[in-house]
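Okay, so here's the structure we're looking at.
Residue numbers (our numbering), protein chains in the order written: chain A, 2 to 170; chain B, 53 to 551.
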């Protein structure tokens, strides 16, 4: 894995090295130009990545038993599902809003972590979602994502309730 | 100094002012302990309360919120591995392993005492040498600031001495990420691939929250069979009373505490450098001078003390350029400056001479806050520690959601939430492959500061690199950088030769 990561990073760095040159104008006598610093960083990184690659290849050569990458079991693992859930939550928040994504994530992740009592999971998730919403949206005035369509209407409805409570206080 | 002390105490010991400072301390610790609220956001949230106050009391109140929020940030760093503020990131290295061992109370105790000592040292330093230090800070031009940031970068070699190549690669990835967005001198876009989100650059907070908090939850998910066992361990950690550090244990960290407090104050005074650089640098120096550097990162008190004393001392230090020169050292100081300017206070070099009550007020507030803070933070920490008793099936997802709010609240931008999620997944890969997430964060923190100051210095020297590096302070700092970078290499060669 380390070898693959190093090779991928070297290729990406070489691409970035030329890309930043195209994007920025030529340096002058008193101005180093926008490409200077990134190119220094990229050059140093490529040198170190090659050193790391050589090191890893040496270690691999010394080892008699090579590690096997079991891709199928990785895709079936809890870890991969966890990564997918985090990604879905992050990507869906602009559309379904904080309230729905938070509740959905809390329920699905709790099940992933091994919680079997579905009623308990749903109840806990609902309570936690509202506590977080009240603390951050209500008390700290951090405008949490509303989402679009029906989700936006729901968020606006709850914001209205919070505003009325605040006015009442 | 004694005049200032007397004036400061007169202002602060007024019952109503004292109550306001205590309230500010409570607010600060609670805000700081919330993963979604940074120190500058805590000050911004407290700002509306300060509008109604007298300017001298307002600055004391805001200072108490600022100092206490930095301390509060250490609470979540220790208990959940979520640094409440970026400067608390190094606290996670030793604080979290200690909490995992069931010594959460002890870790928090060390964190609070170190924070208080750091804050008090900075307060006295501020009162004693503020005008003189301010004039030294004025000597710092772009080349000196580049040297300071480069010193921070050279710290990378100390973060993981067993894996220097991978640590340096991680740091360089951070430096490259800092290049994304607008070029600091010419305003040309770099590595944006036409995306408007990337045009404003990659924010540090979502990356940091992702790398630390989300990665940790993914790690726990991968080994979810063991979660039940760690729940039991965590229940032990909530017994705060039984595991507080003893006076003897605290006394044993006196060297680290002194070094980190002084270093934090000095770094805090430098305009542009801040609590984050101070805590990373202090942690790295501790690794250099410690008698048992291999233990740092495994959950020992020295690691917590180094980070927490330095970041609190830096908050005091950052008040020096604000009050004596009118230069805010960081975001929180800028917010405080805005509050004072709104009140009609003219901040600048003449403030110390014409209106010393402001410096006295800040000095007094820092003294009181750092004492009150220990009691307040211990009470808050006890409440937070109870959370550790919650099963991980609930706590894990909640940590991710708090991290999400933390990333989002920065700019109300869901793009930052996606960035956080990506950082969390990459962070897990980093852990698996032996790369260093802290080094990446440090690179990201220092990237723009290094580049912009280096290029500015080059332009001011009319393109003469010799002129850039031969300024006295720059030269001394650069020699220190080279020594820091070369030292592990020499150590490695010597170790090989001895075989």
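From the three backbone atoms N, C-alpha and C, an ideal C-beta is built for every residue, glycine too. Fair warning: this is a prediction, and the values are worked out from it, not measured in the lab.
Looking at the DSSP output, residue 242 of chain B bridges to B:233. Within a 10 Å sphere around the beta-carbon of residue 6 of chain A sit 16 or more other beta-carbons, which makes this residue buried.
Residue 116 of chain A reaches chain B at 445, counting residues in chain order whose Cβ is nearer than 7 Å.
At a cut-off of 7 Å, the C-beta of residue 143 of chain A has a neighbouring C-beta in chain B. Listed along chain A, the residues sitting closer than 7 Å to residue 469 of chain B by beta-carbon distance are 91 and 94.
Cβ-Cβ distances below 6 Å link residue 258 of chain B to 459, 468, 471 and 472 in the same chain, with the five nearest sequence neighbours on each side left out; the list follows chain order.
By the C-beta density criterion, residue 12 of chain A is exposed, having fewer than 16 other C-beta atoms within 10 angstroms.
For residue 50 of chain A, the residues of chain B that pass the 8 Å Cβ criterion are 221, in the order they occur in the chain.
Against chain A, the beta carbon of residue 476 of chain B has neighbours under 7 Å at 87, listed in chain order.
Under a criterion of Cβ atoms nearer than 7 Å, the residues of chain B adjacent to residue 33 of chain A are, in order, 507 and 510.
DSSP places residue 109 of chain A in the uninterrupted alpha helix (DSSP H) bounded by 79-113.
Between the segment 249-268 of chain B and the segment 520-534 of chain B there are fewer than three C-beta pairs closer than 8 Å, too few to call the two in contact. The three-state reading of DSSP puts residue 158 of chain B in helix, counting H, G and I together. Taking a cut-off of 8 Å for Cβ pairs, the segment 111-126 of chain B and the segment 136-148 of chain B touch, as three or more such pairs fall below it.
At a cut-off of 7 Å between beta carbons, residue 111 of chain A contacts chain B. Residue environment: residue 500 of chain B is assigned as buried (16 or more neighbouring CB atoms within 10 Å of its CB, all protein chains considered). Taking the C-beta atoms as reference points, residue 238 of chain B is found no nearer than 7 Å to residue 244 of chain B. The alpha-carbon of residue 168 of chain A is positioned some 12 Å away from that of residue 139 of chain A. Within the same chain, and ignoring the five residues on either side of residue 72 of chain B in sequence, the residues whose Cβ sits closer than 6 Å to its Cβ are 113.
Restricting attention to A:124, A:108 and A:103, the CA atom closest to the CA of residue 147 of chain A is found in A:103. Pairing residue 533 of chain B with residue 353 of chain B, the inter-Cα distance amounts to about 27 Å.
Going by C-alpha positions, residue 365 of chain B is about 41 Å away from residue 93 of chain A.
Of the candidates A:80, A:90 and A:44, A:80 places its Cα closest to the Cα of residue 275 of chain B.
For residue 264 of chain B, there is no enclosing alpha helix (DSSP H), as DSSP gives it neither H nor E. Residue 47 of chain A is outside the set of residues whose beta carbon lies under 7 Å from a beta carbon in chain B. The contact set of residue 194 of chain B on chain A, defined by CB atoms closer than 7 Å, is empty, because the minimum CB distance reaches about 13 Å. Per DSSP, reduced to three states, the secondary structure at residue 33 of chain A is coil, with no helix or strand assignment.
Around the Cβ of residue 518 of chain B, a 10 Å sphere holds fewer than 16 other Cβ atoms; the residue is exposed. Of the residues assessed, residue 230 of chain B falls on the buried side of the cut-off, its CB having 16 or more other CB atoms within 10 angstroms. For residue 150 of chain B, no Cβ of chain A is located within less than 7 Å of the residue's own Cβ. At the C-beta level, residue 116 of chain A and residue 273 of chain B stay beyond 7 Å of one another. With respect to residue 217 of chain B, residue 9 of chain A sits apart: the two C-beta atoms are not nearer than 7 Å. Residue 14 of chain A: member of the alpha helix (DSSP H) spanning 3-24, first to last residue.
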